[in-house]
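Notes follow once the structure below has been shown.
In our numbering, the protein residues as written are 10 to 365.
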């Protein structure tokens, strides 16, 4: 979820602190410096900005972008971006409300709020995408002009309909987690109530809506509360009016409103968007894949041990060498610059967890 905010600050002390930290990152020639700020929030402050925003703060998959523009101007003064993992746990509304309270603590008053982008997704556990025939464009009634089939060699990844302000993606979520997002695997296994993320097939139906389309609904969606109040009607528009997957090939010469929905699409249509504003999931979510990092460490340890002419079957010697080398290197790094070592650890912690 992405939300644009226009904040009016009591003074510029917070933005001045961000400027100071950004300058430190540039002087130290590092990507970011850690920032433990009022309210107990921990962020990494980036050394660079973007086209419209001077300062970037990140914590896990949550990003805040700030500028020094006027709160009553055209360009937002703050952009809030909450990634998919944090939307699930601890929950996008919980995080967003905490951020709004934090802005107030810092002396920031919300003058205007506009949801910029939202993804509505439903996962169908046990549904194999290859059995659905969704690649058959003749069975679709759709307003989106673009229709694309996505394959990795012979493996069907999914399809996409539309482009830009409104797009539908239907894809193999298990395959995506395996190939692109291994650090998210435990999160989705928990979300699906499975022991392993790849225990069964999971097909995801996901609509991506941007500002232009959100502002065109009869009840215009500006605030996050507007979005919460409109979730069911937005889903109905997407699955009834904008796109439908039919039971058989659609006769384009007849009234298409009489075309019957496929059984799978009937499940999609019946999704109920209620109670999402009460969801808070406790516990920290990791935003890096520890298994992959451990595999890398094992490989490096094995290679390093060979520099000491170790016998390939002498496991105890290999382990001892790896422990000694990593211990010596960490100790040396700490003793050479204790402050830098601690800063690095804080920075890595803020990359790994959302500390909000």
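Think of the CB as a built atom: it goes at the ideal place given N, C-alpha and C, for glycine as much as any other residue.
Here the structure is a predicted model, which means the values were calculated and not measured.
A direct Cα-to-Cα measurement between residue 341 and residue 46 gives close to 30 Å. Distance from residue 352 to residue 42 at the Cβ level is roughly 7 Å; contact confirmed, criterion being Cβ atoms closer than 8 Å.
Under the criterion of beta carbons closer than 8 Å, residue 132 and residue 201 qualify as touching, at roughly 7 Å.
Counting other Cβ atoms within 10 Å of its Cβ, residue 122 reaches 16 or more and is therefore classed as buried.
Excluding residues up to 5 positions away in sequence, 128 and 176 lie with their Cβ nearer than 6 Å to the Cβ of residue 217 in the same chain.
Among the bridge pairs identified by DSSP, residue 41 is matched with 55. Counting along the chain, the unbroken alpha helix (DSSP H) around residue 359 starts and ends at 347-361. Rounded to the nearest whole angstrom, the C-alpha separation of residue 335 and residue 327 is 12 Å.
Nearest to residue 120 by alpha-carbon distance, out of 251, 18, 223 and 171, is 18. Nearest Cα to residue 224 within the set 207, 115, 124 and 94: 124. In the structure shown, residue 305 falls within a helical segment according to DSSP collapsed to helix, strand and coil. Every beta strand (DSSP E) stretch that sits fully inside the region 152-204 and reaches 3 residues is listed by chain position as 156-161, 164-172 and 175-181. Under the criterion of beta carbons closer than 8 Å, residue 206 and residue 236 do not qualify as touching, at roughly 28 Å. Excluding sequence positions up to five before and after residue 276, its CB lies within less than 8 Å of the CB of 133, all in the same chain and listed in chain order.
If you ignore the 5 residues before and after residue 153, its C-beta comes within less than 8 Å of the C-beta of 170, 171, 172, 175, 176, 177, 251 and 252, all in its own chain and listed in chain order. Bounds of any beta strand (DSSP E) do not take in residue 234; it lies within the alpha helix (DSSP H) bounded by 233-245. Collapsing the DSSP output to three states places residue 213 in a strand.
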